[in-house]
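Down below is the structure, laid out as structure tokens.
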Amino acid sequence: MPNLKIVNLELNEFITIDQEIWGNVWDHLKFVNIDYNPLVCDTKIKWIYEKKEDLKKKLVGLCYKPFTLFERELHALKMEDLK
Numbered sequence: 023m024p025n026l027k028i029v030n031l032e033l034n035e036f037i038t039i040d041q042e043i044w045g046n047v048w049d050h051l052k053f054v055n056i057d058y059n060p061l062v063c064d065t066k067i068k069w070i071y072e073k074k075e076d077l078k079k080k081l082v083g084l085c086y087k088p089f090t091l092f093e094r095e096l097h098a099l100k101m102e103d104l105k
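Final position of the sequence shown in my numbering is 105; the numbers increase by one with none missing.
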């Protein structure tokens, strides 16, 4: 899916951004909106942050869990936050 550039996943009950599903297309995406989902910000999404790209322009959404990261913006997370 190299032509896929923008993905809006708002309000879909996503709890993670699975590398097996998104890993092959992630580099082609310009914008991903995963806002209003009960997203768990843990080691399962660490693969996104290993890419060293500017997530502020690409990724919109907030953490739902764990409590220590509740309502933290995804683009503002650091690798050490994801446990």
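Backbone N, C-alpha and C fix where the C-beta goes; we use that ideal spot for every residue, glycine too. Being a predicted model, the structure only gives us computed values, none of them experimental.
Over what stretch of residues does the beta strand (DSSP E) that includes residue i continue unbroken?
i	result
I37	Neither: I37 is in no beta strand (DSSP E) and is coded neither H nor E.
I28	28–30
V55	Inspection of the sequence shows that residue 55 is occupied by Asn rather than by Val. Per DSSP, N55 belongs to the beta strand (DSSP E) from 53–55.
Cα-Cα, which of the options is closest to residue i?
i	options	result
V82	Y58, E102, K66	Y58
P28	L61, K79, L104	Before going further, note that residue 28 is Ile rather than Pro in the sequence given. Comparing Cα positions, the closest option is K79.
H97	L33, P60, N55	N55
P60	L77, F36, G45, L31	F36
V62	Y86, K52, E42, D76	Y86
What separation, rounded to the nearest whole angstrom, lies between the Cα atoms of residue i and residue j?
i	j	result
I39	L84	12 Å
K105	K74	18 Å
E102	N25	32 Å
D64	P88	8 Å
H50	L99	21 Å
Starting from residue i, trace the alpha helix (DSSP H) both ways and give me its first and last residue.
i	result
K68	68–71
L77	77–80
Is the region 69–76 in contact with the region 85–93, if contact means three or more CB pairs nearer than 8 Å?
-> no
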